[in-house]
Structures are given as C-alpha cells and as structure tokens.
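FYI, the numbering for the sequence shown is 89 to 624, going by my numbering.
Report on the following structure.
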Amino acid sequence: MEPTSTRLRGFIRKPTAQQVKEAGAAEFLHLTDAEAEMYAGVLEGVLSSIDRLDELPFDHAPLKWTTRDPGRRPTPEEDPFNAFVRRCLVPGAPDGPLAGMRFGAKDNLAVAGVPLTNGSRVAPYTPTSDAVAVERLLDAGGTLVGKLNLDDFSSSGTGESAFFAPARNPHDRTRSAGGSSGGSGSAVASGHVDLSLGVDQGGSARIPASFNGVVSLKATHGAIPSAGVTHMDHSIDYVCPIARTVRTTAIATDVLTGHDERDPQWVRGANEPTRCVESLDRGVAGMTIAVVEEAVDPTICDPDVLTNFERALTALEEAGATVTRVSVPLWKDAWSIETALLCTLAWGMNQSNGIGFGHRGVVDENRAHAFALTRKLEADEFAPFYKVWLLTGRYLQDEYHGTLHAKAQNLRYALTKQVEAALGEATLLAMPTTPQVAPELLDHPEPEDVILGRGTTMVTNTAPTNLTGHPSLAVPTGRDRDGMPTSIQLVAGLFQDATTFAAGAVVEEAIGTLTPPGLPLGSAEALDVDVDLELS
C-alpha cells in the first residue's frame, strides 16, 4: 500500500565521515580518512533505502478487551504482603474456562494502558498491546486485577532487589516470597488472586511456587508464547501459570499453550494446545519416576526438604509408580552453564534494545525505543545483577572472543542429551524444587554485593530445565519444622507437559494444599480486597 501523504522531514540523518570512522573502530576496522568519506557516501544510499520502512504500514493486532482501568499503587491495607506493583482492572470474556477467576501478571508482562515497571526505578513504559499470555487468560474469561511485584529486571531469586521492596511470604512475613516472580507467588498464596502469571528464566516462577506453597508449571520451551515479555533471551524465556491447586494450574496451562505467530521463540512446528486437565485423573500406575541423584545432595538440600520429598515419593509409589534413581552428571553444573550463557545472551538482548537478534515474531517498536532510551540515559539505575550480566558479557566477548559462550552452548546441548537419556529410562524425573525453604528477608539495606550473594542460592534444581526446555511442575510437599512450605519438581519429556500433572495430582491428593496461617480457607473470594477501581 502506498502512503497517503509524502514526508517532508524526519529522514535518517546522513553519517559524517568521522561517525563512520568511529563505528568502524568499534568493529575493529582501521579506516583511512578517504575510506571513511567513501563509506559515508555509500551508507547514505543504504540508509535512504532503509528510510522507506517509515512509510510502510504495519498493523498490530487490535486490542481485544478495551474496557480497562489502569488503576494505581495499592495502600498497605489493600496489599498486606506487598505482592502488587499496581492494582488495575481489565475484565475479559463473560464466559470460558477461567470465568469468575481473577488473575495478576508479573510486571514484566505487557498490559495495554498500564505502566510496565520491571520492578525498577527506571522510567516505566506504557504498552499499547497485551502480552499474548495476558490476552489468552482474558479470552478464557479471566479478569486481570493487578500487576505483580518482582525483583528489579527479574534478576534475583529473593525479591530483595525489588525497587518496590520485596513481596512478603504469607506463611511468614519475615520470609522471602521468592523471585523473581515473588509477587506472583505471594498474591496466589494469600488469596488475592486465583491465578497469576510469572516469568521463569532460571526458576523465577517455580522458586516462588516452592517458597509460597503453591503450584507452577514451566512448560516445554515454546509451548506458551512469550510475546510481550521483557526478554532475557528467547531460548530461556518462559511464561508460567501459578495457582493454588494442580487443577487450576492445568486449566491455565491448557488456555495458555499453543502456537501464536507473534511469538519470538523458535520452535520446530506449530505446537498445539496441551490437554493437561484430561490427565488429572490418569494416575501414575505403571509410571517410572526417577530421582535425580545430583539434585538430592544432602550437603545442598535441607533435611526437612528431603524428608517431605520422600513423603511425596511414597505417595507416588502407593499410587502405583515405580521409584528409581538416575544420574544426570551435568545437573549440578547447570547454573554455571546458564550463567555463562545468560551473561552473553542478556548482554546481547541489551545491545538489541530488548528485541533479540533471532526473532521471528512481532516487535513493539515503541517499547524497543523506550528501552534504548533507558539503556543510554538510566543505565546506572539498572539492577546490580543486570549490571553483572552486562559487564561479564562484554568482558567475555572482548577478552575471550566468544569461546566460553560457545562452550556453554555445547554443554547446554550435552545436558539436554543427559536429561533425554534419563527420561528414556523413566516417565518422569523428580527432585526438590528448591533445596531450601524460603529464607528470612534482610531487615535493613545492605550493600549490593551482599544482595548479589543471596540471589541465586536456590536455583540448583530449577535452572537445568530452563536450559533443556523440559516441562517442570512444582507441587507442595508439606512444611518444614518452622511451618515453611517445601516442594517437589516433576520433569517430563518435551511436550509431555500433561504427564507432570498426572503425577502432581497424586502428590496433591496425598499431601493437600497449603493455607498460610491466620488466613481464611485460601479462597480468593474470602480474601477479596476492594481497591475502589472504576472502569473507565
């Protein structure tokens, strides 16, 4: 389609010879003055062609649910566990599998008309479209009631890096709600939402599920579209449902899964929606469930975590499963592998202004522009972990020329093969979701190096499947001696997400759901808080 008007200004500026020389130096080119002048002329022609992009129309998908109130920051009385960054209101379809359910979204997921903060001090960005996961929950009858608290730029596992202060654990307010999706776990556990969306790039949804005594699935890579997320890398971004029960999590998973052409994740083929709800009554008779030996190391895992893990295994055995043990040698090294990858991948994502270099989906160009401005004007306000990733990524690329990135990628491949081999001998793999229960939160500010030292102690058993892509379900296994939740993680073969729910339902039936002390029976309706929002 031809444009209806002709631009008179606003074209890409012609580069000077000096700018070309500086750009060349950044790429290790040693241009003479004459060469720089020549290339400046050539670039003018190239940029004139690229300038055409601003005259070509692109229509983003229309916003489906247009009745919405962007809301406001809640008061402490409205949000006693600091789970929310913002209370807002977006009603979805009048019926569907989630009709009557209220959900929240981690505040690194786009919701049109609602400021997106990433849990950071930097300037927020207000999207004009919804993340695909948010759209799908609205399509299914859910009502969005808030954006949920998180670690600053999703970069830690305790919540202590959050600019809005850490979310509190409803089982003990002095304890961490986990991270980075701490608000998503806390809001579900406290009953302020029936369902939430977390984002998991090293355990960031399953850790809060474990610490708060709720359920979460990190689905097979690519099964749930990640369009609308603040990305770290398209190969480790996972949007995850979090709910109080296995059934609600399964319903949400079936709603969230399936191909969407806007998705930046690269998946071989257009995957179909899961049918997890159908598996809930399947049971585990005839299944072999293999405990990963490296994941139950008593020097890493708390004794009560292991005791309750064994209790869950007993329930699975009594239901007809055979429990065995298996070794996955690289399991214990997964976080080292992910750290090497994450530093390079997050650094690359930063260089691309949040788009990523391998992208087949739809990009919010205004969000990319906003991120670029943040990166250039407010980088000093980035989270300490994010700074570590950027500094390490740049250093490794400059000094070691991509070799460690390459080795980490190969080790990721090797780990995936080891997990696949283990699943060749078993229906499911099992391990504690987190080796420890929720730690006590810092009660006063500490230097950034202290916070950095606390932020990744809980990722031992979650990070491996961020790398391999296997579906991983976290289900409560009881409480430790101090009353804090413990959790089992069940890992299935790729696109066998439903199998994790069959086993998860058995564990839940044997152990039950966990209700924080002093709260009503856990129903969100009983704990509803009127935040006096009116639809505009």
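Just so you know, even glycine gets a beta-carbon here, dropped at the ideal spot from N, CA and C.
Predicted model, so just to flag it, every value in this text is computed and none were measured.
Exercise. Consult DSSP for Asp348 and reduce its assignment to one of helix, strand or coil.
Key: Locating residue 348 in the sequence shown gives position 260, counting from the first residue. Coil at Asp348, not helix or strand.
Exercise. With DSSP as the reference, please indicate the residues paired to Met328 in a beta bridge.
Key: Mapped onto the sequence shown, residue 328 falls at position 240. First, the amino acid is wrong: residue 328 is Cys here, not Met. Answer by DSSP bridge pairing, in chain order: Gly286.
Quiz prompt | For Tyr576, the residue or residues it bridges with in DSSP | solution = Your numbering for residue 576 matches position 488 in the sequence shown. Correcting the residue type first, residue 576 is Ile in the shown sequence and not Tyr. Looking at the DSSP assignment, Ile576 forms a beta bridge with Pro520 and Val563.
Quiz prompt | Selected residue, minimal CA-CA separation from Leu578, among Glu536, Val538 and Ala514 | solution = Within the sequence shown, the letter at position 490 stands for residue 578. Measuring from the Cα of Leu578, the nearest candidate turns out to be Ala514.
Quiz item: Can the beta-carbon of Leu529 be found less than 9 Å from the beta-carbon of Asp421?
Solution: The residue labelled residue 529 in the question sits at position 441 within the sequence shown. The residue labelled residue 421 in the question sits at position 333 within the sequence shown. Cβ atoms of Leu529 and Asp421: not closer than 9 Å.
Quiz item: Start and end of the beta strand (DSSP E) containing Leu394?
Solution: Here residue 394 refers to the residue found at position 306 of the sequence shown. Unbroken run through Leu394 is the alpha helix (DSSP H), Pro391 to Glu406; no beta strand (DSSP E).
Quiz prompt | Assumed close pair Tyr326, Asp288 - CB separation to whole angstroms, cut-off 8 Å | solution = Taking the sequence shown and counting its residues from 1, one reaches residue 326 at position 238. Taking the sequence shown and counting its residues from 1, one reaches residue 288 at position 200. Yes, Tyr326 and Asp288 are in contact; Cβ-Cβ is about 4 Å, under 8 Å.
Exercise. Run the CB neighbour count on Arg101, radius 10 Å, all protein chains shown included, and call it buried at 16 or more, exposed below.
Key: Start at 1 with the first residue of the sequence shown, and residue 101 comes out as number 13. Burial call: exposed.
Exercise. Go to Ser264, then tell me how far its beta strand (DSSP E) extends in each direction, as first and last residue.
Key: Here residue 264 refers to the residue found at position 176 of the sequence shown. Looking at the DSSP string, the run of the beta strand (DSSP E) that includes Ser264 is Asp260 to Ser264.
Exercise. Can you say whether Tyr127 is buried or exposed, counting buried as having 16 or more other CB atoms within 10 angstroms of its CB?
Key: Along the sequence shown, one-based indexing puts residue 127 at 39. Tyr127 is buried by the Cβ-count criterion.
Practice problem: Find out if the Cβ-Cβ distance for the pair Ala193, Ser284 is shorter than 9 Å. | Solution: By one-based count along the sequence shown, residue 193 stands at place 105. By one-based count along the sequence shown, residue 284 stands at place 196. Going by C-beta atoms, Ala193 is nearer than 9 Å to Ser284.
Exercise. Label Arg140 either buried or exposed according to how many other C-beta atoms from any shown protein chain fall within 10 Å of its C-beta, with 16 as the threshold for buried.
Key: Numbered from 1 along the sequence shown, position 52 holds the residue referred to as residue 140. With fewer than 16 Cβ atoms within 10 Å of its Cβ, Arg140 is classed as exposed.
Quiz item: So what does Lys306 bridge to, in DSSP terms?
Solution: Along the sequence shown, one-based indexing puts residue 306 at 218. Answer is Ser560, bridged to Lys306.
Quiz item: Whose C-beta lies closer than 8 Å to the C-beta of Gln107 among residues of the same chain, with five residues either side of it excluded?
Solution: Position 19 of the sequence shown holds residue 107. Ala128.
Practice problem: Assign Ile330 to buried or exposed, taking buried as 16 or more other Cβ atoms, counted over all protein chains shown, within 10 Å of its Cβ. | Solution: Translated into positions along the sequence shown, residue 330 becomes position 242. With 16 or more Cβ atoms within 10 Å of its Cβ, Ile330 is classed as buried.
Quiz item: Between the segment 368–380 and the segment 582–599, do at least 3 Cβ pairs fall closer than 8 Å?
Solution: yes
Practice problem: Answer with buried or exposed for Gly357, where buried requires no fewer than 16 other C-beta atoms within 10 angstroms of its C-beta. | Solution: As a working mapping, residue 357 is identified with position 269 in the sequence shown. It counts as exposed.
Quiz item: So, are the CB atoms of Asp531 and Asp260 less than 9 Å apart?
Solution: Here residue 531 is taken as the residue at index 443 of the sequence shown, counted from 1. Here residue 260 is taken as the residue at index 172 of the sequence shown, counted from 1. No; because the gap between Cβ atoms is not below 9 Å, this pair is not in contact.
Quiz prompt | Assigned secondary structure, Pro363 (DSSP; H/G/I helix, E/B strand, else coil) | solution = What you label residue 363 is simply residue 275 of the sequence shown in a count that begins at 1. Per the sequence shown, residue 363 should be read as Arg rather than Pro. Looking at Arg363 - three-state DSSP - the assignment turns out to be coil, as it is neither helix nor strand.
Quiz item: On the three-state DSSP scale, how would you describe Gly192?
Solution: The sequence position of residue 192 within the sequence shown is 104, counting from 1. Three-state DSSP puts Gly192 in a strand.
Quiz item: Is any beta-carbon of chain D found at less than 9 Å from that of Val303?
Solution: Structure shown: chain D not included; a single protein chain is present.
Exercise. Give me the Cα-Cα distance between Val202 and Pro533, rounded to the nearest whole angstrom.
Key: Here the question's residue 202 lines up with position 114 in the sequence shown. Here the question's residue 533 lines up with position 445 in the sequence shown. Those two C-alpha atoms are separated by around 30 Å.
Quiz item: Below 9 Å between beta carbons: does that hold for Val233 and Phe191?
Solution: As a working mapping, residue 233 is identified with position 145 in the sequence shown. As a working mapping, residue 191 is identified with position 103 in the sequence shown. Their beta carbons are under 9 Å apart, which means Val233 touches Phe191 by this criterion.
Quiz item: Any idea what DSSP makes of Lys420, helix, strand or coil?
Solution: Counting from one through the sequence shown, the residue named residue 420 turns up at place 332. Here Lys420 sits in helix by DSSP.
Quiz item: Do you know offhand how far Lys152's Cα is from Phe445's?
Solution: As a working note, residue 152 is residue 64 in the sequence shown. As a working note, residue 445 is residue 357 in the sequence shown. Going from the Cα of Lys152 to the Cα of Phe445 covers about 29 Å.
Quiz item: Near Ala456, what residues of its chain come up, given a Cβ to Cβ distance below 6 Å and the 5 sequence neighbours on each side ignored?
Solution: As a first step, residue 456 is located in the sequence shown; it is residue number 368 there, counting from the start. Counting only Cβ-Cβ distances below 6 Å, and skipping sequence neighbours, we find Asn441, Gly442 and Ile443.
Practice problem: May I have the straight-line CA-CA distance separating Ser611 from Val276, to the nearest angstrom? | Solution: Translated into the one-based positions of the sequence shown, residue 611 becomes position 523. Translated into the one-based positions of the sequence shown, residue 276 becomes position 188. Its pLDDT being 41, under 50, Ser611 is placed unreliably in this model, and the value from its coordinates should be taken loosely. For Ser611 and Val276, the distance between alpha carbons rounds to 10 Å.
Self-check item: Cβ contact (3+ pairs, closer than 8 Å) linking the segment 294–303 and the segment 247–262
Solution: yes
Quiz item: Given Val343, which residues of its chain have a CB within under 7 Å of its CB, disregarding the five upstream and five downstream residues?
Solution: Taking the sequence shown and counting its residues from 1, one reaches residue 343 at position 255. Closer than 7 Å at the Cβ level, and outside the excluded window around Val343, lie Pro185, Leu186, Arg224, Leu225 and Ala228.
Quiz item: Helix, strand or coil: which one does DSSP assign to Arg140?
Solution: Walking along the sequence shown from the start, residue 140 turns up at place 52. Looking at Arg140 - three-state DSSP - the assignment turns out to be helix.
Exercise. Report yes or no: do three or more beta-carbon pairs, one from the segment 397–414 and one from the segment 511–526, lie closer than 8 Å?
Key: yes
Quiz item: Going straight from the alpha carbon of Val365 to that of Ala307, what length do you get?
Solution: Here the question's residue 365 lines up with position 277 in the sequence shown. Here the question's residue 307 lines up with position 219 in the sequence shown. Their Cα atoms are separated by approximately 14 Å.
Practice problem: Thinking Lys235 and Val210 are a contact (beta carbons under 8 Å), I'd like their distance in whole angstroms, please. | Solution: The residue given as residue 235 occupies position 147 in the sequence shown. The residue given as residue 210 occupies position 122 in the sequence shown. Their Cβ separation, rounded to whole angstroms, is 16 Å, which puts Lys235 and Val210 out of contact at 8 Å.
Exercise. Using 10 angstroms around the beta-carbon of Ile138, count the other beta-carbons present and answer buried if the total reaches 16, otherwise exposed.
Key: Position 50 of the sequence shown holds residue 138. Exposed is the call here.
Exercise. Please state whether DSSP places Asp537 in a helix, a strand or coil.
Key: As a position in the sequence shown, residue 537 is number 449, starting the count at 1. Helix, per DSSP.
Quiz item: DSSP state of Ala378, grouped into three classes?
Solution: For the purposes of this step, residue 378 is taken as residue 290 along the sequence shown, with counting starting at 1. Of the three classes helix, strand and coil, the one that applies to Ala378 here is strand, per DSSP.
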